[in-house]
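Once you know that position 154 of the sequence shown is 154 in full-length UniProt numbering, the rest is easy, because the numbers rise by one and skip nothing.
Ideal Cβ placement from N, Cα and C applies to all residues, glycine included.
So the structure is just underneath, and the comments pick up after that.
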Amino acid sequence: MQRPATPHLEPGTGSPSQRRATPRFARRATLRRSLRLLGSFRFEQTDPARFYGGIAADTADMVADFFRDLTGRDLTGVTALDVGGGPGYFADEFGAAGARYIPVEPDPTEMHAAGLTVPGAVRGSGMALPFRDDAVDICLSSNVAEHVPAPWLMAEEMLRVTRPGGLMVLSYTVWSGPFGGHETGPWHYLGGEYAARRYRRRTGREPKNRFGVSLFAVRAADGLRWASAASGSRATILAVFPRYHPRWAWWLVRVPGIRELLVSNLVVVATKR
1 MQRPATPHLE
11 PGTGSPSQRR
21 ATPRFARRAT
31 LRRSLRLLGS
41 FRFEQTDPAR
51 FYGGIAADTA
61 DMVADFFRDL
71 TGRDLTGVTA
81 LDVGGGPGYF
91 ADEFGAAGAR
101 YIPVEPDPTE
111 MHAAGLTVPG
121 AVRGSGMALP
131 FRDDAVDICL
141 SSNVAEHVPA
151 PWLMAEEMLR
161 VTRPGGLMVL
171 SYTVWSGPFG
181 GHETGPWHYL
191 GGEYAARRYR
201 RRTGREPKNR
211 FGVSLFAVRA
221 ADGLRWASAA
231 SGSRATILAV
241 FPRYHPRWAW
251 WLVRVPGIRE
261 LLVSNLVVVA
271 TKR
């Protein structure tokens, strides 16, 4: 398998556009940040506002860092399309940064799960985004690709609606990592269906993330393969890195096998040609 042009961030390496994309977020990726994010996972089911609020703030900071390094601008006045925006936890963070935030979510129940109202929210599928080509400055998706049956079709759609010179940020949970099974983990290592059945026996209810229906096995290698295929004619790959790791551990992305187990969440950052 051919690797993408930039399998992880290295300050001072790569093309000029890649060098511009490097410093700001790399400085933010500290061990303290990693521990804060990983510690929040225990609240995903019991206190989702606390969990998703922290993820939303981190996502807005991450996107703003890459956008500033790419364009020299902050998020003021930009249009940011969030594929799989869910109940709207991200809206406040992107709004506070000055962006026009538009979430797309196929499930109306999910859109209203937290009792939040997001003006301009769109019901639609990430695999067939209801937007014209080159429509938005930024297209992002956080922890959604593992919930759709055709995640790389979704990635193509995200790239399609991003304007040339705009930013695409795709972040997803790796199946063989510790969080791959979501609430059914760590039993997903014995198979997604087994983990779902065990969760049902233990709790008396179906898991929210049902394997084969709303949760799918997506590998780190899949993201690397898509980045490699997109690189060149359609996009410049700015970075591929493990989201919840400190900067000094990003080398894990380069190691086959190990990355599937230890890269719990992969981020692909690109700019459209």
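Return the CA-CA distance between residue i and residue j, expressed in angstroms with no decimal places.
| i | j | result |
| --- | --- | --- |
| residue 177 | residue 258 | 10 Å |
| residue 78 | residue 136 | 8 Å |
| residue 145 | residue 138 | 17 Å |
| residue 196 | residue 104 | 27 Å |
| residue 70 | residue 93 | 20 Å |
| residue 27 | residue 36 | 16 Å |
| residue 64 | residue 119 | 21 Å |
| residue 237 | residue 58 | 21 Å |
| residue 231 | residue 153 | 16 Å |
| residue 229 | residue 164 | 18 Å |
| residue 223 | residue 205 | 32 Å |
| residue 250 | residue 227 | 17 Å |
| residue 260 | residue 31 | 21 Å |
| residue 271 | residue 80 | 14 Å |
| residue 85 | residue 38 | 21 Å |
| residue 193 | residue 148 | 17 Å |
| residue 203 | residue 123 | 31 Å |
| residue 180 | residue 198 | 16 Å |
| residue 88 | residue 225 | 31 Å |
| residue 125 | residue 106 | 5 Å |
| residue 184 | residue 121 | 30 Å |
| residue 29 | residue 102 | 26 Å |
| residue 239 | residue 66 | 10 Å |
Use the C-beta contact count for residue i: other C-beta atoms within 10 angstroms, 16 or more gives buried, fewer gives exposed.
| i | result |
| --- | --- |
| residue 274 | The requested residue 274 is not part of the displayed model; the chain covers only 1 to 273. |
| residue 76 | exposed |
| residue 171 | buried |
| residue 207 | buried |
| residue 72 | exposed |
| residue 129 | buried |
| residue 265 | buried |
| residue 11 | With a pLDDT of 35 at residue 11, under the threshold of 50, the predicted position of this residue should be treated as unreliable, though the coordinate-derived value follows. It is exposed - the Cβ of residue 11 has fewer than 16 other Cβ atoms within 10 Å. |
So for residue i, helix, strand or coil by DSSP?
| i | result |
| --- | --- |
| residue 103 | strand |
| residue 239 | strand |
| residue 266 | strand |
| residue 211 | strand |
| residue 256 | coil |
| residue 142 | strand |
| residue 167 | strand |
| residue 217 | coil |
| residue 129 | coil |
| residue 81 | strand |
| residue 122 | strand |
| residue 134 | coil |
| residue 261 | helix |
| residue 172 | strand |
| residue 233 | coil |
| residue 271 | strand |
| residue 203 | helix |
Between residue i and residue j, is the Cβ-Cβ spacing less than 7 Å?
| i | j | result |
| --- | --- | --- |
| residue 155 | residue 127 | no |
| residue 267 | residue 241 | yes |
| residue 263 | residue 253 | yes |
| residue 68 | residue 74 | yes |
| residue 54 | residue 40 | yes |
| residue 182 | residue 209 | yes |
| residue 56 | residue 25 | no |
| residue 140 | residue 82 | yes |
| residue 273 | residue 234 | yes |
| residue 169 | residue 220 | no |
For residue i and chain C, any beta-carbon pair shorter than 7 Å?
| i | result |
| --- | --- |
| residue 185 | Among the protein chains of the structure shown there is no chain C, as only one such chain exists. |
May I ask you to verify whether the segment 197-215 touches the segment 233-250, counting CB pairs closer than 8 Å and requiring at least 3? By the Cβ test, the segment 197-215 is not in contact with the segment 233-250, since fewer than three Cβ pairs between them sit closer than 8 Å.
Contact between the segment 123-134 and the segment 185-192 (3+ Cβ pairs under 8 Å): No, the segment 123-134 is not in contact with the segment 185-192.
Would you call the segment 90-101 and the segment 159-175 touching, i.e. three or more CB-CB distances under 8 Å? The segment 90-101 vs the segment 159-175: no contact.
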